[in-house]
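Residue numbers (UniProt numbering), protein chains in the order written: chain A, 1 to 123; chain B, 1 to 123.
Taking it in order: structure first as structure tokens, then the write-up.
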């Protein structure tokens, strides 16, 4: 599950541990300046926009649990579940491509629906 | 990416190729009778309920493209993107646990929101 022989997985897990530990500065050290992220709401380009995506999520994060993690030389997948102030279970998958020790591309998959429903109930 | 030394990945990919080829009978041969699937809408138990979840999706499937796939002895993850008659890009991740050559547990992650929006626009 956590094959430390995968350079991409090492980076993906270091990133994951940093942001789920609510240390976004440390997490961003593993993200390339010109990162491209295909997220549910659309494509995000550049580290600043990526950080702006993550920041509100990290602020409402209560806990995260890794479900599975695999990788090879260039690519890694981390599947995890999150508990936030908004939604009790929000599973997600991040499938990343790593170049020069940083995440250059990420495909980020999660269900936006429970978050949207929780927000519309709250408002 | 497609490490054929992983028994779980072999099953996950055979299942994936069958259902994305719209052969649900063949796909279900890789799914345990007592399968448990944690899907976005909640837990599904048993092969009949699982098939009922997949059937309408397979019916509207136009194409599927594998993004990444990894596995080990027991667990595998397949990340893919789908084009359906409803949504042009619906990426998903299936993280499965395989026992006795069949999928015993699946955590199925995708964004329901574009499907819901497309349905409410259509109706």
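Every residue gets a Cβ at the ideal spot worked out from N, C-alpha and C, and that includes glycine.
Rounded C-alpha distance that separates residue 145(A) from residue 91(A): Beyond the ends of chain A as shown, which are 1 and 123, falls residue 145(A); an answer cannot be given.
Proximity test, residue 45(A) beta-carbon vs the ligand MG heavy atom, cut-off 7 Å: What this structure holds is no ligand at all, so the ligand MG is not there to describe.
CB contact flag (residue 35(A), residue 15(A), <8 Å): Cβ atoms of residue 35(A) and residue 15(A): not closer than 8 Å.
Inter-stretch contact (C-beta, 8 Å, three-pair minimum) for the stretch 71-79 of chain A and the stretch 97-108 of chain A: Below 8 Å, enough C-beta pairs join the stretch 71-79 of chain A and the stretch 97-108 of chain A to call them touching: three or more.
Contact the stretch 109-116 of chain A vs the stretch 112-123 of chain B: 3+ CB pairs below 8 Å: By the criterion of at least three beta-carbon pairs nearer than 8 Å, the stretch 109-116 of chain A is in contact with the stretch 112-123 of chain B.
Residue 27(A) and residue 39(A) closer than 8 Å at C-beta: Judged by their CB atoms, residue 27(A) and residue 39(A) are not nearer to each other than the 8 Å cut-off.
Unbroken beta strand (DSSP E) run spanning residue 39(A), endpoints: Membership of residue 39(A) in the beta strand (DSSP E) is indicated by the continuous run 31-39.
Span separating the alpha-carbon of residue 123(B) from that of residue 58(B): Residue 123(B) and residue 58(B): Cα-Cα distance of roughly 21 Å.
Same chain, Cβ closer than 6 Å to residue 83(B), five either side skipped, listed in chain order: Listed in chain order, the non-local C-beta contacts of residue 83(B) below 6 Å within the same chain comprise 62, 63, local neighbours out to five positions each way being set aside.
Terminal residues of the beta strand (DSSP E) in which residue 123(B) lies: Per DSSP, residue 123(B) belongs to no beta strand (DSSP E) and is neither H nor E.
Best match in 104(A), 10(A), 20(A), 118(A) for proximity to residue 46(A) [C-alpha to C-alpha]: Cα-wise, what sits closest to residue 46(A) is 104(A).
Test: residue 171(A) CB closer than 8 Å to a CB of chain B: Any property of residue 171(A) remains undetermined from this structure, which presents chain A solely from 1 to 123.
Reduced DSSP secondary structure (H/G/I, E/B, other) of residue 55(B): Helix, per DSSP.
Residue 8(B) to residue 106(B) span [Cα, whole Å]: For residue 8(B) and residue 106(B), the distance between alpha carbons rounds to 12 Å.
Chain B contacts from the stretch 86-119 of chain A (Cβ-Cβ distance under 7 Å): Flagged, chain order: 91, 92, 93, 95, 107, 109, 110, 111, 112, 113, 116.
Own chain, CB closer than 8 Å to residue 24(B), minus 5 neighbours either side, in chain order: Apart from sequence neighbours up to five positions away, the residues of its chain that approach residue 24(B) with a beta-carbon distance below 8 Å are 18, 51, 54, 55, 58, ordered along the chain.
Residue 117(B), buried or exposed, once every other Cβ within 10 Å from all chains shown has been counted against 16: Around the beta-carbon of residue 117(B), fewer than 16 other beta-carbon atoms lie within 10 Å, marking it exposed.
Buried or exposed (CB count within 10 angstroms, at least 16 for buried), residue 12(A): Buried is the call here.
Min CB distance residue 57(B) to chain A below 8 Å: Judged by the 8 Å Cβ criterion, residue 57(B) is not in contact with chain A.
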